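Reading through the structure tokens given below for one structure.
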Amino acid sequence: MNFKNTNAARTTITRSFEDLEKDTNNIYETIVILGKRANQISVEMKEELTQKLTEFASHTDNLEEIFENKEQIEISKFYERLPKPNAYAIEEWQHDGTYFRGKEVQEEK
Numbered sequence: 007m008n009f010k011n012t013n014a015a016r017t018t019i020t021r022s023f024e025d026l027e028k029d030t031n032n033i034y035e036t037i038v039i040l041g042k043r044a045n046q047i048s049v050e051m052k053e054e055l056t057q058k059l060t061e062f063a064s065h066t067d068n069l070e071e072i073f074e075n076k077e078q079i080e081i082s083k084f085y086e087r088l089p090k091p092n093a094y095a096i097e098e099w100q101h102d103g104t105y106f107r108g109k110e111v112q113e114e115k
């Protein structure tokens, strides 16, 4: 996922229930879907951050020496400034980028 090029909100904004529940007709189901997608995005972001930080890791055997790695600090600051995973999930949802399978309700005969 490309976290840099997105229109996700960086701050809290008010959302309309009607806009969020238009696909499921149930706000609670929508919230569950958004929560699960936000968790997936969070895991992706964490893996990407960890991978980038390990590229610049310095492996020293001396415990007394602590080096500040400027590249790691800049990468960490960049990820701190990104929108939160729930903002990405809502942005995807509103632009029909989220796929979900609903439970089929079976009628009893």
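Counting in this note's numbering, the sequence shown runs from 7 upward without gaps. Glycine included, C-beta positions come from ideal geometry on N, C-alpha and C. All values derive from a computational prediction rather than experimental measurement.
Distance between residue j and residue i (C-alpha atoms, nearest Å)
i	j	result
I37	D102	15 Å
E27	K83	34 Å
W99	T30	11 Å
L88	N11	10 Å
L55	I81	8 Å
S22	R107	23 Å
Residue nearest to residue i in terms of C-alpha spacing, selected from the options
i	options	result
K76	F62, Y105, N92 and E35	F62
R16	G41, A44, N92 and I39	N92
I19	Y34, V49 and K90	K90
T104	S22, F23 and G41	G41
Delimiting residues of the alpha helix (DSSP H) encompassing residue i
i	result
D25	F23 to L26
P91	P91 to Q100
Proximity below 7 Å, CB of residue i to CB of residue j
i	j	result
E97	A14	yes
E39	Y94	Correcting the residue type first, residue 39 is Ile in the shown sequence and not Glu. Not closer than 7 Å, so no.
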